[in-house]
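A short worksheet on the structure shown next.
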Amino acid sequence: MVKLKIDNIPVEVPEGTTILNAAKSVGVVLPTLCYMKDINDIGACRICVAEIEGRKKLVTTCNTPVSEGMVVMTNSPRAREARRVNVQFILSQHDCNCPTCIRSTNCGLQTIANDLGIISQPYTKEVPEKKWDMTFPLIKDDSKCIKCMRCIQVCNKVQSVGVWGLDNTGSRTNIGVTCDREIDESDCVLCGQCVTHCPTGALSERDDIMKAFRALADPDIITVVQVAPAVRAAWGEDLGVSREFATVKRLVAALRKIGFNYIFDTDFGADLTIIEEGNEFMRRKFNNNEPNRYPLFTSCCPGWVRFMKSQYPDMMEHFSTTKSPQQMFGAVAKTYLADILKVDPSRIFSVAIMPCTAKKAECTYPGMDSTGTGPDINLVLT
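The numbering of the sequence shown is our numbering, which starts it at 25 and goes up by one.
Dropping the structure here:
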């Protein structure tokens, strides 16, 4: 065990512990932007700096291990001023139009700037801009990127895909798609992990809410919405609503109040998918005309399918040809439901509320048009 002092508090931690984690163990919280435990501890943002007695330079606490007898000052005037300057430098290359940002009030940079009392930045504003394919389900806004490299590390170390990389060097450094490709040419599986771990609004899902409102306002359109089980179970969390209050009935009531004509549970589509997958497995096993391809992988998750296509294309013959619950229900809505309502399928606008970014891409795949009047799922909200 190593003994040290952090802000005059005696601390005893195992050898190899970083100053950041040692401080956290005694309730001293240091601000960080780029740090992710065991994934990204490169000290890129330099917001977690602290002063160590006997050292001339400040150190980044996220990747500096403790040592015996170390005396750390996390809140000294020198450390506080360095944090302010570093945040102001970041803000000088950041689009600070916070009210219209998707991450407003839930932004790591905004929170730290507020905590440090930064109400202005004295440096020349140089906000980078780069064109992006706005039709792709994943959106990157370079004007909000702080180059923390979280997206690079989580894509490499967690997802093992490696979509993101560094472009250029020095002050011209930028984060973009590796090998100078367009995003739709990359191996992106649309897992959404880079969006989840981005501390600002630089990465987000494509916003399709206004398309939904336009459909809801059209009196000639019949709006149908399906809700995924994960959404049904967790919809209250982001609203700060307790699990007891966030019931399915209240969710349905809210969707009805918004204006949806018919509300369904994706579980219905899942039941159909399970039946078809079972039939397909039986055909492969007992039908002499069907090749015996084992094992049979489910194809319900489009992110999983995209990953296998890009990383293990030789395994694609093992995938089920059955549609996912989302697409299964979309086909039923445009055929069976249209027959029941005695309306043309083109009048039905089918919306899916899903927990996964990849679902936005799935509804556009070839073969997802059961009636020839347009996609089975017109819109996916995530």
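Yeah, the Cβ is synthetic: ideal placement off N, Cα and C, and Gly gets one too.
Rounded to whole angstroms, what's the CA-CA distance from residue i to residue j? Just pull it up for me.
i, j, result
"PRO223", "CYS125", "12 Å"
"THR135", "THR129", "7 Å"
"PRO34", "LEU28", "6 Å"
"MET25", "GLU92", "9 Å"
"GLY67", "THR42", "12 Å"
"ARG267", "LEU365", "35 Å"
"THR193", "ASP166", "16 Å"
"PHE269", "VAL249", "22 Å"
"GLU153", "LYS168", "9 Å"
"ARG256", "SER348", "18 Å"
"SER344", "ILE207", "27 Å"
"CYS325", "GLN351", "11 Å"
"THR271", "LEU190", "45 Å"
"THR202", "VAL185", "11 Å"
"ARG308", "PHE353", "24 Å"
"SER394", "ALA226", "36 Å"
"ARG127", "GLU300", "40 Å"
"THR406", "MET94", "48 Å"
"VAL367", "ASP244", "11 Å"
Can you tell which of the options has its C-alpha closest to the C-alpha of residue i?
i, options, result
"LEU162", "THR395, ALA385, ASP400", "ALA385"
"GLY455", "LEU54, PHE373, ASN99", "Nothing can be reported for residue 455, as the shown portion of the chain is limited to 25 through 406."
"ASN285", "ARG104, ALA277, ARG230", "ALA277"
"PHE160", "VAL95, ALA382, MET97, TYR318", "ALA382"
"GLY51", "ASN64, GLU39, ASP31", "ASP31"
Identify whether residue i lies in helix, strand or coil by the three-state DSSP scheme.
i, result
"TYR318", "coil"
"MET60", "strand"
"GLU261", "coil"
"GLY302", "helix"
"SER374", "strand"
"ASN198", "strand"
"GLY15", "Outside the displayed range of the chain (25 to 406) lies residue 15, so it cannot be described from this structure."
"MET97", "strand"
"GLU206", "coil"
"LYS29", "strand"
"PHE310", "helix"
"THR84", "strand"
"ILE76", "strand"
"THR42", "strand"
"ILE163", "strand"
"PRO123", "helix"
Is the shortest distance between the beta-carbon of residue i and the beta-carbons of chain C less than 8 Å?
i, result
"SER195", "Note that chain C does not occur in the displayed structure, where there is just one protein chain."
Can you tell me which residues form a DSSP beta bridge with residue i?
i, result
"ASP289", "VAL251"
"THR397", "In DSSP, THR397 forms no bridge with anything."
"ASP191", "ASN198"
Below 8 Å, can you find three or more Cβ-Cβ pairs linking the stretch 367 to 376 to the stretch 330 to 341? As far as the Cβ criterion goes, the stretch 367 to 376 does not touch the stretch 330 to 341, which means the pair count is below three.
Within 8 Å, do at least three Cβ pairs link the stretch 88 to 105 to the stretch 205 to 225? Note that the stretch 205 to 225 does not touch the stretch 88 to 105; fewer than 3 beta-carbon pairs, one per stretch, sit closer than 8 Å.
Contact between the stretch 171 to 179 and the stretch 57 to 67 (3+ Cβ pairs under 8 Å): Contact between the stretch 171 to 179 and the stretch 57 to 67 is present, because at least three Cβ pairs lie under 8 Å.
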